[in-house]
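Asker: This is the structure I want to talk about, given as structure tokens.
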Amino acid sequence: MRKSMKTILAALVLATPLALTSCEGTLDDVFGEWSRPSGNTNTDPTPAVSNNYMEWDGTALAAKAIPTTGIQEVTDATTSFEGGFYIVKTDVTIPAPGILINADTKLILCDGATLTVNGYFEDKSSTTTYSLTIYGQENQIGKLIVNAPGGCCGTIVKDLEIHGGDINITGSTGLAAINPSGDISIYGGKVTATGGDADDIMTGGPGIYCFTGNIVIDGNAQVNAYGGAGHISNDNGGYGILLQSGDLTISGTPTIVATSGSQRNAIDVAGTLTMSGGDVTATAVGNLGNGLECTSNPMAFSGGKVTASGSTGADLGIDGTLSLSGGLQLYEAATADPTTLAGDQTACTKQYAIIK
């Protein structure tokens, strides 16, 4: 006997759902390889599962398969990283004293998960030997929040690589948020680094500080670096980004916002500064400090846009020798939003400057 269309439709509605693949299943389908709270909600309310993390391949962020073995899940009981892959699958809060990084570590922040560290997040070896690489997933909404305790920077490692995630790191009083002994490379995601405020003894800490290493910012990363605020008895705040001896290279399409605390430069580069793309805003706060300073070597700009403003003490938007190519020109003025083409295209002489 032929069934009616109504009977067939009723059977379909009541039927057990088909088994889902590891790309659209429950969070337990694949160990350590889920996330993305955005499944096909029209047909199945179960959050979608992603087996991939995003890694910079030299030209773009590309999906890489998460290892199925040798990967450890971060939990509330985690006190150290001992090397290899670690994954944050759910909301995790690490209390003081924090997490020690005891070997080269790769950390995956799953979309929809948050790792909060209320303590140190660093390599405490005497030589700062170990490096940390942080990855996000497709939507780059997995979060890392680090609130450094007194006497600690937000994170100290050898080399720091960030390929994705939403990362917010705050240094303690007078100390940097991000302070590796080696290089910093940022290729994707969002990074917010806030230096610790000054007190009556210590000046404000930088948002991002490289003592001997270099900084590379590429891809479509969003970087916000804020120097710590000054103190009533010590008006010296922190640099937004400070390279004590190394080079700063900016390419791709990143967005960079650097703001100093009082009496400091927003971006201060002791080595060379090379920029071929992106959008940089550098703002010095208070009555002393340049927006962007690189006086040891010429700054080479071939692409992108820079908006820089010196402090209210009429310091310079950009301090240093400029080398412009790719059709870029320098505009400067004593007031904000300059539209006047600078007569000298190799040096800024005003408080506000734009290169575009």
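If you count the sequence shown from 1, position 167 lands on 1203 in my numbering, and the numbers rise without skipping. Think of the CB as a built atom: it goes at the ideal place given N, C-alpha and C, for glycine as much as any other residue. All of these numbers come straight from a predicted model, not from anything done at the bench.
(1) Nearest-angstrom Cα distance between residue 1186 and residue 1376?
(2) Within 10 angstroms of the Cβ of residue 1380, are there 16 or more other Cβ atoms? Answer buried if so, exposed if not.
(3) Reducing DSSP to helix, strand and coil, say where residue 1142 ends up.
(4) Assuming the contact rule is C-beta atoms closer than 8 Å, residue 1215 and residue 1192 should be a hit. Round their C-beta distance to whole Å, please.
(5) What are the uninterrupted segments assigned as beta strand (DSSP E) that are 3 or more residues long and contained completely in the region 1300 to 1359, given in chain order?
(6) Going by other Cβ atoms of all chains shown within 10 Å of its Cβ, with 16 needed for buried, is residue 1226 buried or exposed?
(7) Helix, strand or coil: how does DSSP classify residue 1260 here?
(8) Check whether the region 1205 to 1215 touches the region 1084 to 1104, counting contact only when three or more Cβ pairs, one atom from each stretch, lie closer than 8 Å.
(9) Which term fits residue 1142, buried or exposed, when burial requires 16 or more other beta carbons within 10 angstroms of its beta carbon?
(10) Which word fits residue 1372, buried or exposed, when buried means at least 16 other C-beta atoms lie within 10 angstroms of its C-beta?
(11) Using the beta-carbon count (16 or more within 10 Å), is residue 1179 buried or exposed?
(12) Here's the rule: buried if 16 or more other CB atoms are within 10 angstroms of the residue's CB, otherwise exposed. What is residue 1176?
(13) Would you identify the three-state DSSP class for residue 1120, choosing helix, strand or coil?
(14) Quick check on residue 1072: does DSSP put it in helix, strand or coil?
(15) For residue 1289, tell me which candidate among 1314, 1303, 1283, 1161 has the shortest Cα-Cα distance.
(16) May I have the straight-line CA-CA distance separating residue 1316 from residue 1151, to the nearest angstrom?
(17) Under a Cβ-count criterion, where at least 16 other Cβ atoms within 10 Å of its own Cβ denotes burial, should residue 1361 be classed as buried or exposed?
(18) Does the beta-carbon distance from residue 1265 to residue 1241 come in below 8 Å?
(19) Should residue 1077 be labelled buried (16 or more other beta-carbon atoms within 10 Å of its own) or exposed?
(20) Please list, in chain order, all residues of the same chain as residue 1308 whose beta carbon is under 7 Å from its beta carbon, the five residues on each side excluded.
(21) On the DSSP letters alone, give me the boundaries of the beta strand (DSSP E) that residue 1109 sits inside.
(22) Should residue 1382 be labelled buried (16 or more other beta-carbon atoms within 10 Å of its own) or exposed?
(23) Taking the beta strand (DSSP E) that residue 1022 belongs to, which residues open and close that run?
(24) Have a look at 1296, 1182, 1390 and flag the residue whose alpha-carbon is nearest the alpha-carbon of residue 1341.
(25) Pick out whichever of 1392, 1300, 1358 has its Cα sitting closest to the Cα of residue 1348.
(26) Beta strand (DSSP E) containing residue 1217: first to last residue?
(27) Measuring alpha carbon to alpha carbon, tell me which of 1154, 1292, 1171, 1195 ends up nearest residue 1165.
(28) In terms of DSSP beta bridges, what is residue 1202 paired with?
Answerer: Looking at the coordinates:
(1) Between the C-alpha atoms of residue 1186 and residue 1376 there is a straight-line separation of about 47 Å.
(2) Taking all protein chains in view, the Cβ of residue 1380 is surrounded by fewer than 16 other Cβ atoms within 10 Å, so the residue is classified as exposed.
(3) Strand at residue 1142.
(4) Right, their Cβ atoms sit about 5 Å apart.
(5) Along the length of the region 1300 to 1359, whole beta strand (DSSP E) runs at least 3 residues long occupy 1303 to 1305, 1309 to 1311, 1315 to 1321, 1335 to 1337, 1341 to 1345, reported in chain order.
(6) Using a 10 angstroms sphere on the CB of residue 1226, the tally of other CB atoms reaches 16 or more, which defines it as buried.
(7) Annotated three-state conformation of residue 1260 is strand, per DSSP.
(8) Result no; under three Cβ-Cβ pairs closer than 8 Å.
(9) In summary, residue 1142 is buried, with 16 or more beta-carbon neighbours lying within 10 Å of its beta-carbon over all protein chains present.
(10) Around the Cβ of residue 1372, a 10 Å sphere holds fewer than 16 other Cβ atoms; the residue is exposed.
(11) Flag for residue 1179 reads buried.
(12) Burial of residue 1176 is indicated by the presence of at least 16 other C-beta atoms within 10 angstroms of its C-beta.
(13) Annotated three-state conformation of residue 1120 is strand, per DSSP.
(14) Per-residue confidence for residue 1072 stands at a pLDDT of 42, beneath the threshold of 50, marking its modelled position as unreliable; the derived number appears in the next sentence. DSSP places residue 1072 in coil when its eight states are reduced to three.
(15) For residue 1289, the nearest C-alpha among the options comes from 1314.
(16) Near 29 Å, if we compare the C-alpha coordinates of residue 1151 and residue 1316.
(17) With a 10 Å radius around the Cβ and a threshold of 16 neighbouring Cβ atoms, residue 1361 comes out exposed.
(18) If you check the CB distance, residue 1265 and residue 1241 do not come in under 8 Å.
(19) Only weak support is given to the placement of residue 1077: the predicted model assigns it a pLDDT of 42, under 50, and the value that follows is read from those uncertain coordinates. With fewer than 16 other Cβ atoms inside 10 Å of its own Cβ, residue 1077 counts as exposed.
(20) Answer for residue 1308: 1283, 1333, listed in chain order.
(21) 1107 to 1109 is the extent of the beta strand (DSSP E) around residue 1109.
(22) Its Cβ having fewer than 16 others within 10 Å, residue 1382 is exposed.
(23) Nothing can be reported for residue 1022: it is not among the residues displayed for the chain, which extend from 1037 to 1392.
(24) The shortest C-alpha separation from residue 1341 is found at 1390.
(25) It is 1300 whose Cα lies nearest to the Cα of residue 1348.
(26) Under the DSSP assignment, residue 1217 falls outside any beta strand (DSSP E); it carries neither an H nor an E label.
(27) Ranked by Cα distance from residue 1165, the options 1154, 1292, 1171, 1195 are led by 1195.
(28) According to DSSP, residue 1202 bridges with 1179, 1226.
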